[in-house]
Ligand SMILES: [Ca+2]
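In the working numbering, the protein residues as written are 7 to 347.
Structure (structure tokens):
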């Protein structure tokens, strides 16, 4: 496990491809201190290090790297990789090539924001392999996290906007106060939009995902798998995608669409729109209240037939596709309760 700290806007994705021509270097079996032509200074620490004629690490074990160039810098400690992999990256002129090896394990990656007054800085970090913990600490920055493979935990923390990607594995992702753009990607992910009315975009990706929003007008999309979506307060757009989904709109005027599969939908308080179509499977709406202004929305050209089946109103869309308004008497449905066809 390595511990990685990124300070003041260090960009793990781009910053280390610069000029790696060495101006000075000091080597020993436990360290290598390099100054590049660009002025960047790097300290490599390790065990039994040897060094090639061109100065690159040749053998031994690299346990840490401190890459400092003025204010933005990165400190890696607790790593344990073959020094030749770092040396090879040097020879290729691209230190980034060493990162997948340096960060292959279960790492703790922390991005540290700028001190007030806040500076609009973007942090970019990747977890690569392993089950990583990625944390935003501080204020005034936006962060761009990619967990990579493994079951990762991403915690935005910072007050700025976020772009959070879970990658492979069963990830747990928590957004920040402002706008969050979150995608769990593969695996069974747990996504929480975090505090604040950020009007977030929350996508589950593949697998069976749990997505929870809070205040604001959020977009929740379960995508593939059997997903559970909670919209929280505010008028949200909730789409289940494929699979059998459970959707809870919360308060506010929500747009709820189970999409494909057999979905269970609850609009909550407010005038909610329940969308269905002729390939939507069998969807059950648990709280259709015409008194709240709830509506059923159909695609243009949809053909349908409405009937009372026991205690429920059933909208038959043909070919086994139905929307069931649970506990609703058809005789109470008047006015524009069903629109769009
Ligand atoms: Ca890792």
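Note that CB positions come from ideal geometry on N, CA and C, so glycine has one too.
Between the alpha carbons of residue i and residue j, how many angstroms are there, rounded?
i: residue 393; j: residue 198; result: In this structure the chain extends from 7 to 347, so residue 393 is not present and cannot be described.
i: residue 101; j: residue 288; result: 53 Å
i: residue 72; j: residue 233; result: 42 Å
i: residue 224; j: residue 213; result: 21 Å
i: residue 261; j: residue 63; result: 58 Å
i: residue 123; j: residue 16; result: Low per-residue confidence applies at residue 123: pLDDT is 46, beneath 50, and the placement is therefore not dependable enough to give any value.
i: residue 264; j: residue 140; result: 32 Å
i: residue 278; j: residue 341; result: 15 Å
i: residue 94; j: residue 53; result: 18 Å
i: residue 109; j: residue 70; result: 11 Å
i: residue 284; j: residue 195; result: 29 Å
i: residue 81; j: residue 49; result: 9 Å
i: residue 18; j: residue 254; result: 38 Å
i: residue 308; j: residue 266; result: 16 Å
i: residue 165; j: residue 144; result: 8 Å
i: residue 303; j: residue 191; result: 29 Å
i: residue 328; j: residue 160; result: 39 Å
i: residue 90; j: residue 239; result: 54 Å
i: residue 61; j: residue 107; result: 20 Å
i: residue 320; j: residue 275; result: 22 Å
i: residue 44; j: residue 245; result: 49 Å
i: residue 326; j: residue 135; result: 44 Å
i: residue 67; j: residue 169; result: 34 Å
i: residue 10; j: residue 231; result: 33 Å
i: residue 46; j: residue 179; result: 33 Å
So residue i is in the beta strand (DSSP E); what residue range does that whole segment cover?
i: residue 92; result: From DSSP, residue 92 is part of no beta strand (DSSP E) but of the alpha helix (DSSP H) over 89 to 97.
i: residue 63; result: 63 to 74
i: residue 339; result: Element bounds for residue 339: n/a, residue is neither H nor E.
i: residue 55; result: 47 to 57
i: residue 36; result: No beta strand (DSSP E) holds residue 36; DSSP gives it neither H nor E.
i: residue 132; result: 127 to 132
i: residue 271; result: 270 to 272
i: residue 151; result: 147 to 152
i: residue 195; result: Note, residue 195: premise wrong, no beta strand (DSSP E); not H, not E.
i: residue 143; result: 139 to 143
i: residue 225; result: 225 to 227
i: residue 289; result: 288 to 291
i: residue 254; result: 252 to 254
i: residue 220; result: Residue 220 -> no beta strand (DSSP E), and no H or E assigned at all.
i: residue 329; result: 328 to 331
i: residue 266; result: Unbroken run through residue 266: none, as it is neither H nor E.
i: residue 209; result: 207 to 209
i: residue 334; result: Where residue 334 is concerned, there is no enclosing beta strand (DSSP E), given that its DSSP letter is neither H nor E.
i: residue 244; result: 243 to 245
Measuring from the CB of residue i, is there a heavy atom of ligand 1 at a distance below 7 Å?
i: residue 174; result: no
i: residue 111; result: yes
i: residue 289; result: no
i: residue 341; result: no
i: residue 135; result: yes
i: residue 187; result: no
Could you check where the alpha helix (DSSP H) with residue i kicks off and where it finishes?
i: residue 263; result: Premise fails: residue 263 lies in the beta strand (DSSP E), 261 to 263, not in any alpha helix (DSSP H).
i: residue 108; result: 105 to 108
What do you reckon, is the C-beta of residue i under 7 Å from a heavy atom of ligand 3?
i: residue 138; result: What this structure holds is ligand 1, not ligand 3.
Sort out for me which residues DSSP pairs residue i with in a bridge.
i: residue 279; result: 261 and 301
i: residue 308; result: Residue 308 pairs with nothing; no bridge assigned.
i: residue 11; result: 81 and 116
i: residue 186; result: 168
i: residue 155; result: In DSSP, residue 155 forms no bridge with anything.
i: residue 314; result: 319
i: residue 180; result: 161 and 198
i: residue 295; result: Paired residue(s): none; residue 295 is not in a bridge.
i: residue 17; result: 130
i: residue 235; result: 217 and 253
Hey, is residue i's beta-carbon within less than 8 Å of any beta-carbon in chain D?
i: residue 151; result: Given the protein chain composition of this structure (a single chain), no chain D is represented.
Discussion item. Check whether the segment 34 to 44 and the segment 105 to 121 touch, using three or more Cβ-Cβ pairs below 8 Å as the test.
Written reply: no
Margin query: Check whether the segment 205 to 214 and the segment 171 to 188 touch, using three or more Cβ-Cβ pairs below 8 Å as the test.
Written below: yes
| said: Whether or not the segment 242 to 251 and the segment 295 to 314 are in contact is what I'm after, with contact meaning three or more pairs of Cβ atoms, one per stretch, closer than 8 Å; do they touch? | reply: no
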